[in-house]
Amino acid sequence: MEGPLIPRPGFGTVGRPVRVKTNHWRMLGWPEGRVVQYHVEFSRGTVTKTLARKIWAQWERQRGPRNARERVAYDGMAIAYWFGRGDLPQEDLERERAADVDLGRIRPFVNGEIRISHEVMIALSALEVVLRHAPAQLFKPRGRGAFYDFGTDDIPMHGDPLGRTGLELRRGLYMGLTACHGRLTINYDLSHGVFVGPGSLVEEIPRLLDKHLCGRQVQMTHRHGQRLKKKIFKFTEQRVADVTFTLDGAGEITVPAYFLRTYNARVEFPSLPAIIFRGRLGDCYVPVEFTALLSKPFLGLPPPEAVSEIVKKATVRPEQRFREIERQMRDIARVNDAGVLGVDDHSLFRVDPRFMVIPGRVLPAPRLTYGNCYAEPAELAPNGWNLCGKQLLSGAMATVALLNLAGPADAGRPVSEADFLSFYQQMQAHAAEHERPGLILVVLADGNKSRYNQVKAAGDLVLGIATQCYLANVLTKVNVKITATNQYVPVNWSLSGRVPFLSVPAMIVSIDVSHAAPDSALLSIAAMVASMNPSGTVFCAQLSAQAARQEHTIDQLRVMAKTLLTKFIRANRSWPRRILVLRDGVSEGMLAHVTAVELKALRAAYAELAAAVLTETAAIARGDLVAATCGEVANGTRLDPDLLVIAPPPPPPHPQAQPKYVYVIVIKRTKTRFAPSRDDHTPTDMSGNVVAGLAVDKEITHPTHFELFLQSQAGLQGTSVPAKYTVTVDEIGHTPDELQTMLFSLCFTFQRATRSISVPAPVRYAHLAATRGMAYLSALRDPEMANQQQQHGQIQPRSNVAGGMFFM
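Residue numbering for the sequence shown follows UniProt numbering, starting at 1 and increasing by one per position.
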């Protein structure tokens, strides 16, 4: 249940009106009566989702066809819904009725007459289960709502190979039910999945035997038409020619002799091991050449050589993407029961089978300030801007050291070990006579992730020196790492005439959590970044390691917030009166919960810090400098001594006087896409997308929530992905135009880009900081770095690095 999120205060009006096509179908009618929810259990105990689907499909075939409005929909796990009168007929199966679901609550919800509730969420879930039921029975589901066609056992369909990695890219279709303002829609989109490809097991053994094959499912090829599938248990240690077993009536026999005798199949590779399969009657042995690998989802991180292939194959322009969605939808339609999804009144769901064309607006770009000039809005749109002739807003001086890891070069003569040691000793002596460098520029030969992680961990955690790995143009990244600024949006820039958010002391905060690959044992990293200057362009970060895959709870949030508040007060000589929180990585169902928990932690951090400063200020006034320096204060808070002794802060507000909060949930990976409509002169960029600044807050947004789709980036290639913003708390009372233009402006302040990006810059900073934390964890698994981790006992960089934007 979502809880009391703030209602939408209205719709935006600022910007050029446009009409865009979106990948949603309008639903014209749906069931509105009551359906029955049943629990599903299997007598064999625990079964996989794939097996559960097969058992259910077999039961449906035995049950035979029924009336279009009397059907059972199964979610693949433990719930089924009966769409029909009364209960599911007793003769069909042994059943356990769980609950009645009232579908009649959906229409008043989408009309804005009632708020979201547990009953509404269950009703929407029931409709989504019946919508996905038929595709899930015939196609392979992956994730939530994505379906992939693998053909049949006789005519398998293959994906696009990703180089020589053994992986393949498959294109599927995502379908999801969306509750929107005044209606329900079905959201269709392309889905791309990386799978371990099928093929000859003989050819795959040298590369995959140890790591990937145990537990893989294979299909027998020697049974003359019988498609028997089994899961590999392990491989024999000896070659297949030496594996023997006792055969009834024939005594001891080798595996090759048995296959020749029984199946007239000669073993061509007797030196390879045999596969061992576990069965109810014991182990059985099969030569690898009589098996074929079946495709399966790939759960790890694809290797670098596969990533470039994925981008190349999955990138399509908007018009091509929409055509491909329609083709995939036709494939789904040929197996979907016409009684479920159709255009007439006899269908369970009546839809308009066309992509919706909806209103949107192209927001105006802000004006950026550089050191010697402004970048006007006309210059910023639509595809970015040029730094030629512009000075960065501020610069910084730093002594730079150069480390070349790009590999050896031809010196024209042999270089002995003695020569190398002599050179190293000279460098050491030279370094001892000069100041410590402020930046180490590291030249890399390639994108080796392990080496990159080690460089970052050594620089940030061990040496306390900023590092910059060089593979491309990095001037703007270097500048901000040594505490300078490139550009900013003036704090007085506003379209409404009201006081802009940053015109009073304000802090912009962003929070994100980064996870390792699904097959990794690494912890997750929570990152929190906060602005440190009045223009909201300089950020500091705090990192915290926590349990793996823990997305919605951040253990150390209060501690991290208190540290960043301390740094803000020290940098600005004032307390923040407003705090904007941009939270990434929250699912739709957790909006209210995450907002409530994290806002409580932020308020507690502010109150504890204010109480601590009041206590220590009083100690200083009494002359009790020892207590002030040690920071032994109320609530167990130990205040940074530098905040008081070196730079005494201004008198804090009363602990109960909190700043005003604005809390916005940012969802980066949405399934909604936009394309220019044919009946409108919508401005487009060079990739065929609508120009940067497209805002959509009508027709496909939530019935009551303060919600917005914003496509803030110019497309470089493929179809641009809009971000979705949900304002859960706004204690200032912004209008939709004020919030939308502020969020769009923040997309122009990313300090290492000369174009607007897909999310506000602080969101990107939090993501980069969390990713840097994952790099630390990965590097600290290296034995050479392990001792350093024990020495520091934390994931946070050294203080002389953490004061800047080290994560850039």
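For every residue, glycine included, the Cβ atom is placed at its ideal position computed from N, Cα and C.
With contacts defined as CB atoms closer than 7 Å, Arg-170 and Tyr-148 qualify as a contacting pair. Assignment of Arg-350 by DSSP, reduced to helix, strand and coil, places it in the strand class.
Within the DSSP bridge table, the entry for Phe-709 names Val-696 and Lys-724 as partners.
For the segment 94 to 119, the full-length alpha helix (DSSP H) segments reaching 4 residues or more read 106 to 110 along the chain.
Where Val-759 is concerned, there is no enclosing alpha helix (DSSP H), because DSSP gives it neither an H nor an E.
The three-state secondary structure of Gly-29, taken from DSSP, is strand. Contact between Lys-296 and Phe-195 holds: CB atoms are separated by about 6 Å, below the 8 Å threshold. At least 7 Å separates the beta-carbon of Val-504 from that of Leu-582. Beta-bridge analysis with DSSP links Cys-180 to Arg-183.
Close CB contacts of Arg-451 within its chain, under the 8 Å cut and outside five residues either way in sequence, are with Leu-405 and Leu-444 (chain order). With respect to the 7 Å criterion, Leu-127 and Pro-198 are not classified as neighbours on the basis of their beta carbons. The segment 346 to 353 and the segment 22 to 36 touch, with three or more beta-carbon pairs separated by less than 8 Å. Collapsing the DSSP output to three states places Thr-749 in coil. Between the segment 159 to 177 and the segment 308 to 318 there are three or more inter-stretch CB-CB distances shorter than 8 Å, so the stretches are counted as touching. If you ignore the 5 residues before and after Asp-344, its C-beta comes within less than 8 Å of the C-beta of Arg-350, all in its own chain and listed in chain order. Between Ser-720 and Gly-693 the beta-carbon gap is near 11 Å, outside 8 Å, which marks them as no contact. Boundaries of the beta strand (DSSP E) harbouring Pro-287: 282 to 287, taken from the DSSP string. Residue pairing by DSSP places Asn-404 opposite Val-443 in a beta bridge. For Gln-58, the number of other beta carbons within 10 angstroms of its own is below 16, and it is reported as exposed. With respect to Thr-22, Ile-358 sits close: the two C-beta atoms are nearer than 7 Å. Secondary structure of Ser-514 (DSSP, three-state): strand.
Here the segment 260 to 275 lies against the segment 237 to 251, with 3 or more beta-carbon pairs under 8 Å apart. With 16 or more other Cβ atoms inside 10 Å of its own Cβ, Pro-736 counts as buried. Listed as beta-bridge partners of Ser-531 by DSSP are Phe-539.
Note on Pro-4: under 16 other CB atoms within 10 angstroms of its CB, so exposed under the neighbour-count rule. A direct Cα-Cα distance of roughly 11 Å separates Pro-576 from Lys-567. Arg-61 sits in a helix when the DSSP states are folded into three classes. With a cut-off of 8 Å on Cβ pairs, the segment 256 to 263 is not in contact with the segment 300 to 308, counting fewer than three such pairs. Check the Cα spacing between Glu-32 and each of Phe-807, Pro-500, Ile-106 and His-181: the tightest is with Ile-106. Selection Ala-770, Arg-678 and Glu-738 evaluated against Glu-319 yields Arg-678 as nearest (Cα-Cα). Gly-803 and Asp-331 have their C-alpha atoms roughly 55 Å apart.
In the three-state reduction of the DSSP assignment, Leu-565 falls in the helix class. Ile-186 has its alpha-carbon roughly 5 Å from the corresponding atom of His-24.
Residue environment analysis places Ser-799 among the exposed positions, since fewer than 16 neighbouring C-beta atoms fall within 10 angstroms of its C-beta. Looking at the backbone, the Cα of Ala-657 and that of Ala-611 are separated by about 11 Å. With fewer than 16 other beta carbons inside 10 angstroms of its own, Gly-589 counts as exposed.
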